[in-house]
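A short write-up of the structure that comes next.
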Amino acid sequence: MRLVETTMPIFMSKPLKLILILLTFGLLSLLSFNSALAAASPDAIAIRVIPNTEHYSARRWYAEQGFSGSPQSLIVDGYEAVRDGRTVYVNAANVADNNLYVNIYLISYNQDPEQATIDIFSQILKRWNFNTNLTSPGNCVQ
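Reading the sequence shown from the start, the letters are residues -6 to 135 in my numbering.
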């Protein structure tokens, strides 16, 4: 299986990019699956961070994109999200350089995946932690 990192917003801090990359690879390493199977798998999981400059809810952001699926509401690490098939859109805030950003974190996997890929995707959703760069209270206070 391949992990694909897609575009990151320019304003995203280097520590946040590193945290997202390490989080993803860390989650994958926590899962016990045969490394030979992983090397042979054509599957991929992709994560993309998209600015949500209008501060829309996940459901409204989804609708504003003109998508025509059947999104289901869910919560990922306490943040509102929607899932449509193989893709989850999480609306989460981030603080970088004393600036508050609202992003849509998109995570998806390929069509016709192996069961191991679906299991890994589920584990990522269960263990995804946002705002790991915030270590003290009051970071979002103006």
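Glycine included, C-beta positions come from ideal geometry on N, C-alpha and C.
When the Cα atoms are used, Asn91 and Asn126 turn out to be separated by approximately 12 Å. The DSSP-derived three-state label of Arg41 is strand. Around the Cβ of Asn45, a 10 Å sphere holds 16 or more other Cβ atoms; the residue is buried. With respect to Tyr98, Thr110 sits apart: the two C-beta atoms are not nearer than 8 Å. As computed with DSSP, Tyr98 is found in a beta bridge with Val42, Val83. Residue burial annotation: Ile68 is exposed, with fewer than 16 other C-beta atoms found within 10 angstroms of its C-beta.
Sixteen is the threshold: since fewer than 16 other Cβ atoms of the shown chains lie within 10 Å of the Cβ of Asn122, the residue is exposed. The closest CA to that of Asp70, considering only Ser61, Pro64, Tyr82, is found on Tyr82.
Distance from Ala89 to Asn96 at the Cβ level is roughly 10 Å; contact not present, criterion being Cβ atoms closer than 8 Å.
In the structure shown, Tyr72 falls within a strand segment according to DSSP collapsed to helix, strand and coil.
With respect to the 8 Å criterion, Tyr55 and Val75 are classified as neighbours on the basis of their beta carbons.
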